[in-house]
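Counting in my numbering, the sequence shown runs from 67 upward without gaps. For every residue, glycine included, the Cβ atom is placed at its ideal position computed from N, Cα and C.
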Amino acid sequence: MTARVVVLTGASSGIGRAAALTFAARGDMLVLAARGLADLEKVAAECGGDVLVVPTDVSVRTEVEALAAAALARFGRIDVWADTAAVMAYGRFEDLPPHVFEKVIATDLLGAANVARAALRVFRTQARGTLILTSSLVGHITAPNMAAYSTAKWGLRALTRTLRQETLDAPDIHVCELVPGSVDTPIYTSAANYAGFVGRPPPPVDTAERMGEAVVRLAGHPRRSLSVGATNRFIEFGFSALPPVYDVLVGPLMGRLGLSRRLPAPPDDGNVFSSRPRHGGGPARLGRTAVGAAVGAAAVAAVAVTGGAALAIRRGMRR
């Protein structure tokens with residue numbers, strides 16, 4: 067194996083932590099960044115070896131630039147930069163305080179732009195490098211109570227596509243998009259919450275380790291986009307091909323599967339503005355194999371509604 071220099075933003079938990087451990091097992095040299103120093107140091111200790119830890123808020127451009135400079139000062143180059151940093155907010159759009167909505171955009175979209183800008187400047191100088199930006203299934207669909215996160219991830223999808231177009235003149239510079247479905251990470255329970263109940267990933271839920279492996283796979287074999295989730299394609303199809311059906315079903319499903327009705331949550335900014343201790347797991351997790359009756363019910367309902375609409379049109383034509 068050839069050791070690479072890998073910068074990971076959002077490395078203190080979830081997908082970023084899982085990717086760090088997988089890169090470390092491979093023998094790569096790591097630069098770990100996130101807002102919380104204590105959590106970063108724990109991950110660095112788990113990785114072992116010569117790990118550089120740089121506390122960084124990706125929404126602050128100067129901090130991201132300082133991170134790139136620190137990586138170059140220590141290792142002399144950056145081969146891979148993977149950004150998994152993100153925050154989330156639950157609640158109807160009109161219930162979200164404007165400053166919370168704006169901070170989610172600043173972290174999840176503008177923060178990714180700061181990372182891309184810093185990484186591409188290094189990659190242009192080197193004439194090579196791989197940038198991995200972590201999008202989301204919610205960057206390809208929409209769901210109630212997730213307006214800020216979805217808006218940011220849709221914007222990130224556009225940014226990623228544009229960056230690929232702008233680097234066509236540099237065949238050894240790669241811009242990749244990772245599209246996770248539901249993943250068991252602390253982002254749901256750490257989120258700002260104005261929806262009244264604790265958030266959770268709707269089923270089927272993948273492990274952070276599976277997504278971390280996907281990040282490492284993209285680093286070794288870059289591709290434009292990698293979607294990882296048992297029902298990602300099915301949900302995207304419903305969103306695009308059957309929008310009236312999707313819009314009718316997504317609200318009740320989100321309320322039932324994406325929020326735990328057993329755990330009320332008072333209004334709170336979560337970790338949107340500052341790092342907080344994060345805890346894995348959460349209420350009523352459902353694993354990857356438990357796609358569940360909800361998905362099956364959604365499929366049956368979609369077929370029934372579509373069939374009913376087609377029958378009504380056919381009867382109308384006969385008249």
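Check whether residue i and residue j have beta carbons under 8 Å apart
i      : j      : result
Asp250 : Ala224 : no
Asp77  : Ala99  : Per the sequence shown, the amino acid found at residue 77 is Ala instead of Asp. Yes, Cβ-Cβ distance for Ala77 and Ala99 is below 8 Å.
Asp174 : Val153 : yes
Ile144 : Val109 : no
Val316 : Pro210 : yes
Val241 : Leu197 : yes
Ser340 : Arg266 : no
Ala182 : Leu229 : yes
Val271 : Ser248 : yes
Glu243 : Leu199 : yes
Leu133 : Ala178 : no
Asp335 : Val97  : no
Distance cut-off 7 Å: residue i Cβ against heavy atoms of the ligand FMN
i      : result
Thr191 : Judged by which ligands are present, the structure shown has none, so any question about the ligand FMN falls away.
Closest by C-alpha distance to residue i, when choosing among the options
i      : options                        : result
Ile207 : Phe305, Pro252, Gly247, Asp334 : Phe305
Gly262 : Pro163, Phe89, Pro332, Thr191  : Pro332
Arg328 : Val294, Thr196, Val264         : Val264
Glu279 : Cys113, Gly82, Arg289, Val130  : Gly82
Leu319 : His287, Glu302, Arg289, Pro268 : Pro268
Val71  : Leu323, Ser256, Thr297, Ala185 : Ala185
Arg299 : Ser202, Ala148, Ala90          : Ser202
Val281 : Val245, Ala257, Gly157, Ala258 : Val245
Ala257 : Glu112, Gly177, Ala69, Gly324  : Gly324
Ala148 : Thr191, Glu131, Thr75, Leu133  : Thr75
Ala139 : Val124, Leu118, Phe159, Tyr156 : Leu118
Glu168 : Ser79, Arg190, Thr217, Val120  : Thr217
Gly157 : Pro343, Gly321, Arg342         : Gly321
Run of the alpha helix (DSSP H) containing residue i, from where it starts to where it stops
i      : result
Thr109 : Checking the sequence, you will find Val at residue 109 rather than Thr. Unbroken alpha helix (DSSP H) run through Val109: 103-113.
Ile81  : 80-92
Val170 : 164-171
Thr75  : Note, Thr75: premise wrong, no alpha helix (DSSP H); beta strand (DSSP E) at 71-75.
Gly317 : 309-319
Arg183 : 177-192
Residue range of the beta strand (DSSP E) that includes residue i
i      : result
Thr128 : Unbroken run through Thr128 is the alpha helix (DSSP H), 127-141; no beta strand (DSSP E).
Ala151 : Note, Ala151: premise wrong, no beta strand (DSSP E); not H, not E.
Ile198 : 195-200
Ser291 : 291-294
Ser326 : 325-330
Ala99  : 95-99
For residue j and residue i, believed in contact at Cβ under 8 Å, the rounded distance
i      : j      : result
Ala214 : Thr150 : No, Ala214 and Thr150 are not in contact; Cβ-Cβ is about 18 Å, not under 8 Å.
Gly80  : Pro252 : 6 Å
query = Could you give the uninterrupted runs of the alpha helix (DSSP H) lying entirely in the stretch 207-254, keeping only those of 4 residues or more?
reply = Here the runs fully enclosed are 213-232.
Whole beta strand (DSSP E) elements within the stretch 254-282, 3-residue minimum = As far as the stretch 254-282 is concerned, its whole beta strand (DSSP E) runs of at least 3 residues are 263-265.
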